[in-house]
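To convert, take the position in the sequence shown, counting from 1, and add 17; that gives the working numbering. C-beta atoms are modelled at their ideal positions from N, C-alpha and C, and glycine is treated no differently. A quick note: this is a predicted structure, and the numbers were derived from the prediction, not measured.
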Amino acid sequence: TELDSIHLENKLSIINPFLDIEGSIYKISFSHLVNLSYWDIAIINSNGTGYKELTSTSNSNGNSWSPDGQFIAYSKNNDIFIIDPNTESIQNITNDQYWDHSASWSPDGLKLVLVSDKGGISDIYTITKDGMNRRRLTNNLTYLEGTFGPLWSPTGDDIAFIQYGNKGFGVNIIKPDGSNNVSLTSD
Numbered sequence: 018t019e020l021d022s023i024h025l026e027n028k029l030s031i032i033n034p035f036l037d038i039e040g041s042i043y044k045i046s047f048s049h050l051v052n053l054s055y056w057d058i059a060i061i062n063s064n065g066t067g068y069k070e071l072t073s074t075s076n077s078n079g080n081s082w083s084p085d086g087q088f089i090a091y092s093k094n095n096d097i098f099i100i101d102p103n104t105e106s107i108q109n110i111t112n113d114q115y116w117d118h119s120a121s122w123s124p125d126g127l128k129l130v131l132v133s134d135k136g137g138i139s140d141i142y143t144i145t146k147d148g149m150n151r152r153r154l155t156n157n158l159t160y161l162e163g164t165f166g167p168l169w170s171p172t173g174d175d176i177a178f179i180q181y182g183n184k185g186f187g188v189n190i191i192k193p194d195g196s197n198n199v200s201l202t203s204d
């Protein structure tokens, strides 16, 4: 298969599958280390065919498929990009000096949740897929606090994420409007 021929051994890979409409072949996107110097995004079908590099020498990682399978959001050089794997058209949706990463799509595909240090500290934000309407959901107060790993619930009613601070690490949920930030793992 093509997968056997691309020699991914000795390269750390982050895999994010997407099930196509027929349900028989999965599309898999992954970040892989190239020449021990930079990360790239590639896709391949679950049957080993259709291998395709989507980024090149770009230090790209943290990929997330849109719910309809049409786009992949990923981090590159502290910004969030969206790529159409068919046309390879790329859009930088954050395009700022902040550290933006860990994007995850809303179930309706209209927004992404991400982590950014735009407020000076690692917080959770939402942004529309066109890069507009960035909204800060959490408000960490010191560098000893922060967030990472945000994911939308399947219904889009909540966003789960990891919160860290002086009490250690915990799992929180928050509403997409920033209300009702609740720790699920507090004592």
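Quiz item: Measuring CA to CA, which of 42, 196, 90 and 79 is closest to residue 107?
Solution: 90
Quiz item: Fully enclosed by the segment 77 to 156, which beta strand (DSSP E) runs are 3 residues long or longer?
Solution: 77 to 82, 89 to 93, 96 to 100, 107 to 109, 117 to 122, 128 to 133 and 140 to 145
Exercise. Measure from the alpha carbon of residue 191 to the alpha carbon of each residue in 185, 167, 181 and 184, then state which is nearest.
Key: Here the closest residue by C-alpha is 167.
Practice problem: Mark residue 93 as exposed unless 16 or more other C-beta atoms lie within 10 angstroms of its C-beta, in which case mark it buried. | Solution: buried
Quiz prompt | Limits of the beta strand (DSSP E) - the one that residue 164 falls within | solution = 163 to 169
Quiz prompt | Beta-carbon spacing of residue 79, residue 119 below 7 angstroms | solution = yes
Practice problem: List the DSSP bridge partners of residue 189. | Solution: 178 and 200
Self-check item: Among 77, 66, 135 and 183, the one whose alpha carbon lies nearest that of residue 55
Solution: 77
Quiz prompt | Which listed residue (176, 202, 195 and 71) has its alpha carbon closest to that of residue 185 | solution = 202
Self-check item: residue 46 in three-state terms, based on DSSP
Solution: strand
Self-check item: Whole-angstrom distance between residue 171 and residue 127, CA atom to CA atom
Solution: 14 angstroms
Self-check item: Paired residues, beta bridge with residue 69 - DSSP
Solution: 60
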